[in-house]
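Protein chains: 6
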Amino acid sequence: MTRTNGRSQDEMRPAQITRNYTKNALGSVLMEAGDTIVLCTASSDDRVPFHLRGKNQGWITGEYSMLPGSTQIRSSREAARGRQGGRTLEIQRLIGRSLRSCVALDQLGERTITIDCDVLQADGGTRCASITGGYVALVDAINQLIKRGDITTNPVLHQVAAVSVGIVNDAICLDIDYSEDQFAQTDMNFVMTDHGEIVEVQGTAEGKVFTLDQLNEMANVARSGVFQLTELQKQALST
Amino acid sequence: MTRTNGRSQDEMRPAQITRNYTKNALGSVLMEAGDTIVLCTASSDDRVPFHLRGKNQGWITGEYSMLPGSTQIRSSREAARGRQGGRTLEIQRLIGRSLRSCVALDQLGERTITIDCDVLQADGGTRCASITGGYVALVDAINQLIKRGDITTNPVLHQVAAVSVGIVNDAICLDIDYSEDQFAQTDMNFVMTDHGEIVEVQGTAEGKVFTLDQLNEMANVARSGVFQLTELQKQALST
Amino acid sequence: MTRTNGRSQDEMRPAQITRNYTKNALGSVLMEAGDTIVLCTASSDDRVPFHLRGKNQGWITGEYSMLPGSTQIRSSREAARGRQGGRTLEIQRLIGRSLRSCVALDQLGERTITIDCDVLQADGGTRCASITGGYVALVDAINQLIKRGDITTNPVLHQVAAVSVGIVNDAICLDIDYSEDQFAQTDMNFVMTDHGEIVEVQGTAEGKVFTLDQLNEMANVARSGVFQLTELQKQALST
Amino acid sequence: MTRTNGRSQDEMRPAQITRNYTKNALGSVLMEAGDTIVLCTASSDDRVPFHLRGKNQGWITGEYSMLPGSTQIRSSREAARGRQGGRTLEIQRLIGRSLRSCVALDQLGERTITIDCDVLQADGGTRCASITGGYVALVDAINQLIKRGDITTNPVLHQVAAVSVGIVNDAICLDIDYSEDQFAQTDMNFVMTDHGEIVEVQGTAEGKVFTLDQLNEMANVARSGVFQLTELQKQALST
Amino acid sequence: MTRTNGRSQDEMRPAQITRNYTKNALGSVLMEAGDTIVLCTASSDDRVPFHLRGKNQGWITGEYSMLPGSTQIRSSREAARGRQGGRTLEIQRLIGRSLRSCVALDQLGERTITIDCDVLQADGGTRCASITGGYVALVDAINQLIKRGDITTNPVLHQVAAVSVGIVNDAICLDIDYSEDQFAQTDMNFVMTDHGEIVEVQGTAEGKVFTLDQLNEMANVARSGVFQLTELQKQALST
Amino acid sequence: MTRTNGRSQDEMRPAQITRNYTKNALGSVLMEAGDTIVLCTASSDDRVPFHLRGKNQGWITGEYSMLPGSTQIRSSREAARGRQGGRTLEIQRLIGRSLRSCVALDQLGERTITIDCDVLQADGGTRCASITGGYVALVDAINQLIKRGDITTNPVLHQVAAVSVGIVNDAICLDIDYSEDQFAQTDMNFVMTDHGEIVEVQGTAEGKVFTLDQLNEMANVARSGVFQLTELQKQALST
């Protein structure tokens, strides 16, 4: 089967990682996955959440936003409405958990690293692009902190990247874009390490329930996609 | 292996469903799963969300809250803080999607059914209990609407129930309670139909990543648990 | 005169107090007054309001909410709207003042006891039921604190209970329910001690003004009702 | 007994009502009661609350605020904090109910009259001054609407005014000021008509409970105070 | 050219400054400029903003509000809406900057003086009246603090006052009122010292752009107006 | 005099305008002024503000935000705090007024064009860059609407651009960057047309007041800067 966008079922969109995209944050990465573009910046702050104070432990958190002009129909600005929506909060909790999973928080010192993921252009898979790009911004920030002498041991445990898999017209399709997402029966997001282990799974059968076999198959396809992304991360970080 | 609570790995907590627990809502169900107690009520309203107006289609939504006194350390009241937290929004979005999946919305008429899930006592698995009990409250509400002549064809497609599975000390455990949840490496929630198909999967490796094989195994254990719950729903609804 | 509900003018609805209704809070009471059902829980916290810090004095506060499904027409959830309404704030201020009146705050230690009153089913008189049941939850919490050694002297000064009195069709009726409340000319709430002294009076002539003689008469009828409730509290606490 | 302020127990503070204090609102009254000064303005708007639309019925509502500089220790501005406090909401609900009681809403036409009560200087009894002054502003606004031909029949049923009574050192004192209020055992507010009938009673035994006899006595003293205020209203409106 | 209000182009409205208008705040000034009336009160607090703590430096801030009844069409109450609007925030930032410019903050001690400007009646130029009157309230408050011994050296550097200039029908008009403001092509506000130097300029060509020559001319006319106001301030403060 | 950044007093930073930077909005411009980078997108919506409905008139509005990672010390996200700050509201009101001034709103049809200005990297002058870039995004959006046939006559009246001028060490400096802004005595923003006429002036003497002559001189220097920017706009729009 060929998809409406001409890709084969297990084919990723072309992705690109640009480091040092802006200059003020400790880490700044422009993550592109097809037409989805997310600016991921990492900043460090000496304060930690209340329940961690005095425990010599760090924290990593994520924040997410879609710029109003990133979508075809303008998305209203959450700051103007006065509250972040449920989808936003759900996504930024996912980003935070995913990125915390790859760092030894007790080797980070008493500081919080915040990964801000602001979507400049949306074409599906923005939460996955945020995690994949956010990982690189996080590593850049940690390396800066090591360079400054603020951290002594590198606390990064493994890489983490994310990809979505959808079931469209009963076919399992990797890395679906917005045009496919609108008609997908199921939309799953897999967050995995560079060893192919699972950090997070989130899946919704919006149109039609799916079987355990399909879950299995989707996980396998996702793993092949994640491996391409972790490879890309490695290349980006080695230059 | 035996668990700290004496259960075997694939053993559910005793569950109980009490219908017509309160009298004012169309459906009112007290769902008990071990020491977790959730009051699920279903109410109907003639308005639908803006984007559905005039399309002769209904809507189902969920709201969730933990009563302040439901936890050992009092949970602060979200109404007093002035906003619902991210966890709450995430859970009520899950409840809404899960319950919408089992109803033909185009046979519901232009109305919204709201399922309110208020946790009276929390001991782990509150979102799963909300879905399992919420399904029964939803069916009761729909039956009332049919009785009143507001709905002509029964729009319910299949049953839906939910259960959590955790990895505790590297062992996969069904229906974990709060004492296990605190030490779980992984906490997954499976929402499934009475045919064992998947509606939603949500899983987080909070402490330690897991493999695709483990995902598979967890899904299988979950299915056995869901079957017990859908059986319980059937019994409750037949009396 | 007989009322629409068959009661005589000075007849209370059957009331029931169930202690230890849930297990996590220090005190947990299900208060039933006719078809009105309120879950009252009491929790303790080591912090006191800013202006009391360092004065070795405690504080008691109340919070109130109606579950959305507690009413025939669903009440919208205040946490979702982002603010507590005026009626809610008015009621929880009343609960707090009433329960503070019966405790020597300087013998409570530097802690706050919060009484959460969540209405599971509403049929009129919910604020009164909250106070009457809240008193029992408060006493249970204080007894737990004494047992733990956190409080040395019992700080409870007297009992407190509340009842509403209405003027319906020019007749003074004790403990009016929702069907009467809708047509009442006057709705008064009396909070009194077990010695028949007044802690709070709140009354509104919504439909028709009333005389000082009627105020007097209402107070007398209220006292007879409060005595039945304080008797019920005594029985509940003695078992 | 003489009070700290030299007044006898049943002596009111000197009060003054200045009409047309500002020029833009339909009614504008400066109400002075001793050192308490409240600016009461009445404005009319063609919209009514949702539940009254199309019923050819009007509505009257009150809003209340203390200017930050009205108190010795500056009161923080509620607009800056982002929410009105419980005390404010409680007071403005009282103002609204009190003023609605003296108007036949079905003769007001489909419009809302809002009475804004902004405290310029606070010295106790601000809610009572708001009601007493608000009544005059309301009458002025209604007369303007009659003059314009917007209302045909005068809908005012009776006058309404309010006064506080406190128990200070076991003595019942009329119209207590701030210095007395701080040490009062009981603080009651009586809203009454010019015929001495009761519209609202609100009383709190903040320090010490009180008897039914004392309630009676306070009501009688309040009535004598209210009569002085309704007389003052009559004079002000006749010039 | 004569204006609709009969004034010549460079003619100010009659202005009046009444000190000690209310008694609780440290400084309290009723500022009248034509029919615009603003109550300016100054209060002192021992706390300073976070970034100034421990630097032995003071702070001056302004808050602004229009009473709902101050305008012909009632202005909705910002506290009830739950947020201050953009215009309000813009104005109170202007008031704060203007008044900070005339005080040596390092001689004020670690305290914040808040100038509250509440508009009782609005007829154009309310932000300018707030600054002009606010200056006098500020000086009164500082003098009180000096008298109490809280400040040793007088920190006031110079006077500050403000006036608006508009272009109406291509004519430059000083101190425009509301009826002119509605049709003005340009509305500029000049904040100046008693030496005619500029503290703030804010101007908007709402209807028609203007030239640099016109900017110059407006500044000159404004200066003549400001001199009249600073003279009035001197007189008010000398009595 | 040479500035710390090596520029002469009347020298602008290198500026660059990139059109069609993202693909979903009608207009999308990346505006760079030195190290300040703002993404300006223009979107169109068929609704207009309430007071313009049915008048066959359009509206233009601006929204502004700094991405959290755009500054050296992370700026907290306004959506997470739940309200836009005063500075943000002040700036977006300025953007809206400036861009409305160059369009005949009655030829726009009943629609709102929103210009979103999101700062990707901040180095001073972000509000000016927002206006200069926003103008180009606005023109692109209008041209799209003309192309679609939604607008028949081109409603653009003139170009608009903005530049800041500061007084640093008593020297007037054009287009100051963040390092200069921190020490500037005065910071003024001039919004002008391509004919050198003034649309908006905003200036604050944060450290030291300034004279009318200096105001004049700053306006002249600003005009030379604006001409360079309007030239750049012309070039960008002609390709």
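Protein chains in written order, with my numbering: chain A, 50 to 288; chain B, 50 to 288; chain C, 50 to 288; chain D, 50 to 288; chain E, 50 to 288; chain F, 50 to 288. Positions of the beta carbon are idealized from the N, C-alpha and C atoms, including for glycine.
Going along chain G, which residues have a C-beta under 9 Å from A:Ala171?
Looking at the structure shown, chain G is missing, and the protein chains on hand are A, B, C, D, E and F.
Between B:Gly252 and B:Met61, which are expected to be in contact by the criterion C-beta below 8 Å, what is the C-beta distance as a whole number of angstroms?
Taking the second sequence and counting its residues from 1, one reaches residue 252 of chain B at position 203. Taking the second sequence and counting its residues from 1, one reaches residue 61 of chain B at position 12. Here B:Gly252 is actually not in contact with B:Met61; their C-beta atoms are around 19 Å apart, not less than 8 Å.
Worksheet item: Touch check for the segment 186–195 of chain B and the segment 87–105 of chain C: three-plus C-beta pairs under 8 Å?
Response: Touching, no, given that fewer than three Cβ pairs across the two stretches are closer than 8 Å.
Worksheet item: What are the residues that DSSP puts in a beta bridge with C:Gln170?
Response: For this step, residue 170 of chain C is matched to residue 121 along the third sequence. In the DSSP secondary-structure assignment, C:Gln170 is bridged to C:Ile86.
Problem set entry | Under 7 Å (Cβ pairs) to chain F, residues found in the segment 107–132 of chain A | Answer in chain order: Glu112, Ser114, Leu116, Pro117, Gly118, Ser119, Thr120, Gln121, Arg123, Arg126, Glu127, Ala128, Ala129, Gly131, Arg132.
>> Using a 10 Å radius around the Cβ and a threshold of 16 neighbouring Cβ atoms, would you call D:Ala271 buried or exposed?
In response: Taking the fourth sequence and counting its residues from 1, the one referred to as residue 271 of chain D is at position 222. Counting C-beta atoms within 10 angstroms of its own C-beta, D:Ala271 has 16 or more neighbours from the protein chains shown and is therefore classed as buried.
- State yes or no: is the C-beta of A:Cys222 within less than 7 Å of the C-beta of A:Arg52? Translated into positions along the first sequence, residue 222 of chain A becomes position 173. Translated into positions along the first sequence, residue 52 of chain A becomes position 3. Yes, Cβ-Cβ distance for A:Cys222 and A:Arg52 is below 7 Å.
Report buried or exposed for E:Arg149, applying the criterion of at least 16 other Cβ atoms within 10 angstroms of its Cβ.
As a first step, residue 149 of chain E is located in the fifth sequence; it is residue number 100 there, counting from the start. A buried status is given to E:Arg149, since no fewer than 16 other beta-carbon atoms sit within 10 Å of its beta-carbon.
Worksheet item: How is the beta strand (DSSP E) around A:Asn238 delimited, first residue to last?
Response: Numbered from its first residue, the first sequence carries residue 238 of chain A at position 189. Segment 235–242, the beta strand (DSSP E) holding A:Asn238.
Item to complete: Rank D:Ile144, D:Thr279, D:Leu194 by C-alpha distance to the C-alpha of D:Glu159 and give the top, closest one.
Response: Residue numbering aside, residue 159 of chain D sits at position 110 when the fourth sequence is read from its first letter. Selected option, being the one with the closest Cα: D:Leu194.
Point to revise | Runs of alpha helix (DSSP H) lying entirely within the segment 160–204 of chain C, each at least 4 residues, in chain order | key: You should have 175–196.
For this session: Between the Cα of D:Leu264 and those of D:Gly131, D:Gly103, D:Ala64, D:Met237, spot the shortest distance and give me the residue it belongs to.
Result: Start at 1 with the first residue of the fourth sequence, and residue 264 of chain D comes out as number 215. Answer by Cα proximity: D:Met237.
field: Closer than 7 Å to chain E by CB, F:Thr242
entry: To locate residue 242 of chain F, count along the sixth sequence from 1; it is residue 193. Output row for F:Thr242: interface = yes.
Whole-angstrom C-beta distance between D:Val209 and D:Cys151, which should lie under 8 Å: To locate residue 151 of chain D, count along the fourth sequence from 1; it is residue 102. To locate residue 209 of chain D, count along the fourth sequence from 1; it is residue 160. Going by Cβ atoms, the distance from D:Cys151 to D:Val209 rounds to 5 Å, so yes, they are a contact pair.
Next item on the list: Pick helix, strand or coil for B:Thr279, following the three-state DSSP scheme.
Entry: Against the second sequence, residue 279 of chain B aligns to sequence position 230. When secondary structure is reduced to three states using DSSP, B:Thr279 falls in the helix class.
Which residues does DSSP pair with B:Leu79 in a beta bridge? Residue 79 of chain B sits at position 30 when you count from the first residue of the second sequence. According to DSSP, which records beta bridges pairwise, B:Leu79 is partnered with B:Thr67, B:Leu88.
*Between which two residues does the alpha helix (DSSP H) containing C:Ser150 stretch?*
Locating residue 150 of chain C in the third sequence gives position 101, counting from the first residue. For C:Ser150, no alpha helix (DSSP H) run applies, since DSSP gives it neither H nor E.
What does the alpha-carbon distance come out to for the pair E:Ile180 and E:Ala82? By one-based count along the fifth sequence, residue 180 of chain E stands at place 131. By one-based count along the fifth sequence, residue 82 of chain E stands at place 33. The alpha-carbon atoms of E:Ile180 and E:Ala82 are separated by roughly 12 Å.
**OP:** Determine the DSSP secondary structure at F:Gly158, reduced to helix, strand or coil.
**Re:** If you number the sixth sequence from 1, residue 158 of chain F lands on position 109. Reduced to three states, the DSSP call for F:Gly158 is coil.
query = Are A:Ser147 and A:Val248 close, meaning C-beta to C-beta below 7 Å?
reply = For the purposes of this step, residue 147 of chain A is identified with residue 98 of the first sequence, where counting begins at 1. For the purposes of this step, residue 248 of chain A is identified with residue 199 of the first sequence, where counting begins at 1. A:Val248 sits close to A:Ser147, with the two beta carbons spaced by under 7 Å.
Notebook entry, point to check: Cβ of F:Val248 less than 7 Å from any chain E Cβ?
Noted result: What you label residue 248 of chain F is simply residue 199 of the sixth sequence in a count that begins at 1. True, the Cβ-Cβ gap to chain E drops below 7 Å.
Practice problem: For chain A, find out if any of its Cβ atoms is closer than 7 Å to the Cβ of B:Gln251; answer yes or no. | Solution: Reading the second sequence from its first residue, position 202 is the one you call residue 251 of chain B. Judged by the 7 Å Cβ criterion, B:Gln251 is in contact with chain A.
- Can a CB atom of chain C be found closer than 7 Å to the CB of B:Thr161? Indexing the second sequence from 1 puts residue 161 of chain B at position 112. Cβ-Cβ to chain C under 7 Å: no for B:Thr161.
Any idea which residues DSSP pairs F:Gly252 with across the strands?
Locating residue 252 of chain F in the sixth sequence gives position 203, where the first residue counts as 1. Answer by DSSP bridge pairing, in chain order: E:Val250, F:Met237.
At what residues does the alpha helix (DSSP H) containing D:Glu112 begin and finish?
-> The residue labelled residue 112 of chain D in the question sits at position 63 within the fourth sequence. For D:Glu112, there is no enclosing alpha helix (DSSP H); the enclosing beta strand (DSSP E) has its first and last residue at 108–115.
For E:Asp226, return the contacting residues in chain D, with the cut-off set at a CB-CB distance below 9 Å.
Indexing the fifth sequence from 1 puts residue 226 of chain E at position 177. The contacting residues do not exist; E:Asp226 stays about 13 Å from chain D at best.
Practice prompt. Take B:Gly107 and list the residues in its own chain whose beta-carbon comes closer than 6 Å to its own, dropping the five residues that flank it on each side.
Written response: Within the second sequence, the letter at position 58 stands for residue 107 of chain B. For B:Gly107, the CB contacts under 6 Å within the same chain, skipping 5 residues up- and downstream, are Leu154, Leu157, Gly158, Arg160 in chain order.
Taking all protein chains shown into account, do 16 or more other C-beta atoms lie within 10 angstroms of the C-beta of F:Phe259, making it buried, or fewer, making it exposed? Counting from one through the sixth sequence, the residue named residue 259 of chain F turns up at place 210. Under this definition F:Phe259 is a buried residue.
| query | What span of residues does the alpha helix (DSSP H) with D:Ala128 cover, start to end? | reply | Stepping through the fourth sequence from its first residue, residue 128 of chain D is reached at position 79. D:Ala128 -> alpha helix (DSSP H) spans 127–130.
query: So what does DSSP say about C:Gly145, is it helix, strand or coil?
result: Locating residue 145 of chain C in the third sequence gives position 96, counting from the first residue. Residue state for C:Gly145 is assigned as helix, using DSSP reduced to three classes.
Closest to C:Ile109 by C-alpha separation, out of C:Ile164, C:Thr85, C:Ala220, would be which residue? Here residue 109 of chain C refers to the residue found at position 60 of the third sequence. Among C:Ile164, C:Thr85, C:Ala220, the Cα nearest to that of C:Ile109 belongs to C:Ile164.
Thinking C-beta only, is C:Leu138 closer than 7 Å to D:Leu261? Here the question's residue 261 of chain D lines up with position 212 in the fourth sequence. Here the question's residue 138 of chain C lines up with position 89 in the third sequence. C:Leu138 sits away from D:Leu261, with the two beta carbons spaced by 7 Å or more.
Chain-ordered residues of the segment 76–94 of chain D with a beta carbon less than 8 Å from chain E:
Residues of the segment 76–94 of chain D with a C-beta atom less than 8 Å from some C-beta of chain E are Ser77, Asp84, Ile86, Leu88, Thr90, Ala91, Ser92, Asp94, listed in chain order.
Let me check understanding here. Comparing Cα to Cα, which of B:Pro63, B:Ile144, B:Ser114 lies closest to B:Arg132?
Taking the second sequence and counting its residues from 1, one reaches residue 132 of chain B at position 83. Minimum Cα distance to B:Arg132 is reached at B:Ser114.
Check: D:Gly215: which of D:Lys196, D:Ile225, D:Arg197 sits nearest, CA to CA?
Finding: Counting from one through the fourth sequence, the residue named residue 215 of chain D turns up at place 166. The option with the nearest alpha carbon to D:Gly215 is D:Ile225.
Let me know the secondary structure DSSP gives B:Phe232 once reduced to three states.
The residue given as residue 232 of chain B occupies position 183 in the second sequence. Coil at B:Phe232, not helix or strand.
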